[in-house]
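The structure appears below as structure tokens.
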Amino acid sequence: MAIMMEVPGADGLGEAVDALRRWQQDGSPWQLHPGDLGWFWRSGAEATAAALRIWRRDGRILAVGLLDGADLLRLTTAPDVRQDEELARRLTEDVITPERGVLPAGKVAIEAPKDALLQDLLPEHGWRLDEPWTPLRLDLTEPVQDPGVRIEVIGAEQGHVHAAVLRASFDKSAFTTERWHAVASGLPYADARSLVAYDDRGDAVAAVTVWSAGEGKPGILEPMGVHRDHRGHGYGRAITIAAAAALRELGSSSAAVNTPSSNVAAVATYRSAGFEALAENRDLARG
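In structure tokens form, the structure reads like this:
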């Protein structure tokens with residue numbers, strides 16, 4: 001049977017999340033994680049479903065893509081079909097053809113695992129390597145160190161605190177308490193925790209959300225931010241250590257994060273928390 005692409009309804013989100021959970025493996029190249037869908041859920045379940053693309057063959061999900069904005073497709077596949085030529089060619093045709101409803105014409109980019117055959121096919125159609133990103137990883141076999149500051153796990157009644165810190169951490173952020181509750185209502189949040197770090201005066205200074213993919217699988221940090229009024233005091237390192245500890249409690253085998261290589265400060269923060277910088281990866285871009 002031919003490979004078919006679909007846009008799932010909100011009732012089909014669970015199937016996509018489950019597939020992404022199954023596909024997470026330590027040692028695999030950076031790929032779309034259920035936590036990425038969880039963070040996108042801040043726009044609501046309907047918007048998340050509309051941004052998803054699923055490819056199937058004989059009923060089996062082979063690939064899942066998330067339109068993270070109008071011009072970026074974040075895509076991964078089941079590990080055993082990364083070199084499947086039929087899938088790679090179908091993905092290529094769908095990606096390069098605006099009428100297919102995956103990516104529009106003009107300047108666009110795609111994030112896909114480095115070992116996917118798609119990485120070899122798109123350059124044949126004029127796509128080029130984009131800016132480098134640095135994935136970082138911390139093994140969670142052993143307990144992590146104490147973060148050295150007070151950390152709280154944020155529940156529904158404190159969602160406004162987490163939202164306020166994130167809003168103060170990123171320029172032009174529109175992350176509201178309502179959006180925090182939207183994230184917390186999403187299916188992937190069953191394997192997630194929101195954390196806030198406090199200074200000695202009791203001020204909320206840093207925040208992070210961590211996402212597990214299940215017992216024995218890698219988890220991710222998405223997003224992590226330090227309040228602009230409290231930078232330069234090691235709070236980024238502290239909240240990152242706390243994030244790793246939370247993922248270990250959730251059963252994750254490792255903690256991972258992916259950041260632009262140009263963000264030298266962020267890379268340094270994660271490394272100071274014990275994360276190891278891995279080989280850079282690059283999106284493929286057109287236009």
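Count the sequence shown with UniProt numbering and you get residues 1 to 287, in order.
Ideal Cβ positions, reconstructed from N, Cα and C, are used throughout, including at glycine.
C-alpha distance - residue i paired with residue j, whole-angstrom precision
| i | j | result |
| --- | --- | --- |
| Leu52 | Leu66 | 5 Å |
| residue 297 | Met1 | This structure gives no information on residue 297, because the portion of the chain shown stretches from 1 to 287. |
| Ala78 | Ala47 | 24 Å |
| Ala256 | Pro123 | 28 Å |
| Thr92 | Glu249 | 40 Å |
| Leu278 | Val161 | 33 Å |
| Gly191 | Trp211 | With the sequence shown as reference, residue 191 is identified as Asp, and Gly is not the correct amino acid for it. Cα-Cα distance, rounded: 6 Å. |
| Gly12 | Leu140 | 32 Å |
| Arg137 | Arg201 | 32 Å |
| Ala116 | Gln83 | 6 Å |
| Gly126 | Ala105 | 13 Å |
| residue 288 | Ile220 | Shown here, the chain extends from 1 to 287; a query on residue 288 therefore has no answer. |
| Tyr270 | Asp283 | 21 Å |
| Gly287 | Arg128 | 9 Å |
| Ile3 | Arg57 | 5 Å |
| Ala285 | Gly234 | 35 Å |
| Leu258 | Thr97 | Residue 258 is actually Asn in this sequence, not Leu. Roughly 28 Å separates the two Cα atoms. |
| Phe175 | Leu118 | 34 Å |
| Glu215 | Ala50 | 29 Å |
| Asp120 | Arg193 | 37 Å |
Buried/exposed call for residue i, threshold 16 Cβ in 10 Å
| i | result |
| --- | --- |
| Val153 | exposed |
| Thr240 | buried |
| Ser253 | buried |
| Pro113 | buried |
| Gly186 | buried |
| Val102 | buried |
| Pro147 | buried |
| Asn263 | exposed |
| residue 371 | There is simply no residue 371 to check, as the chain begins at 1 and stops at 287 in what is shown. |
| Ala265 | exposed |
| Glu222 | buried |
Identity of the residue in the options nearest residue i by Cα
| i | options | result |
| --- | --- | --- |
| Trp55 | Arg90, Gly44, Arg74 | Arg90 |
| Leu72 | Ala266, Val108, Val144 | Val108 |
| Ser272 | Arg282, Gly236, Pro260 | Gly236 |
| Lys217 | Asp18, Phe175, Ser262 | Asp18 |
| Pro143 | Gly232, Ala16, Ala244, Gln158 | Ala244 |
| Thr209 | Val264, Ala268, Leu37 | Leu37 |
| Asp199 | Ala49, Gly232, Gly155, Glu222 | Gly232 |
Beta-carbon spacing of residue i, residue j below 8 Å
| i | j | result |
| --- | --- | --- |
| Ala64 | Leu32 | Checking the sequence shown, residue 64 turns out to be Val, not Ala. Closer than 8 Å, so yes. |
| Leu166 | Ala242 | no |
| Glu111 | Leu75 | yes |
| Pro188 | Pro34 | yes |
| Val205 | Ala197 | yes |
| Glu15 | Ile61 | yes |
| Asn281 | Trp23 | no |
task = Report yes or no: do the region 175-185 and the region 24-44 share at least 3 C-beta pairs separated by less than 8 Å?
result = yes
query = Does the region 126-134 come close enough to the region 228-248 that 3 or more CB-CB pairs lie under 8 Å?
reply = no
message = I want to know whether the region 163-174 touches the region 223-236 - three or more CB-CB distances under 8 Å.
response = yes
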